[in-house]
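J.:
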Amino acid sequence: YTLIAPYFADTGLVITPDWLLGFMFGLGGLAGIYAGARLQKYIPARLIKIILVVCILFVAGKYIVGFFW
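Our numbering puts the first residue of the sequence shown at -15, with every later residue one more than the last.
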């Protein structure tokens, strides 16, 4: 990033990291990892796969709809 930073210096764009947002994403990731590892043994594998498929199809559908509208 240090190589491309001079190209964006005069544009007025913020190129510094948002430390609070990064910290919050880190905490959310750790909580998700912990909860997922604990709850995995109580949820059937088939249900986990169905939930993942629904999430992926939802995101893909949003991208497709956003592309056309």
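For every residue, glycine included, the Cβ atom is placed at its ideal position computed from N, Cα and C.
Where Gly16 and Pro28 are concerned, what is the direct C-alpha to C-alpha distance, given to the nearest angstrom?
T.: If I take the Cα positions, the gap works out to 18 Å.
J.: Rounded to whole angstroms, what is the Cα-Cα separation between Ala6 and Gly12?
T.: Note on residue identity: the sequence assigns Gly, not Ala, to residue 6. Gly6 and Gly12: Cα-Cα distance of roughly 10 Å.
J.: Quick check on DSSP: helix, strand or coil for Trp53?
T.: Looking at Trp53 - three-state DSSP - the assignment turns out to be coil, as it is neither helix nor strand.
J.: Whose C-beta lies closer than 6 Å to the C-beta of Tyr18 among residues of the same chain, with five residues either side of it excluded?
T.: Cβ neighbours of Tyr18 beyond the five flanking positions: none.
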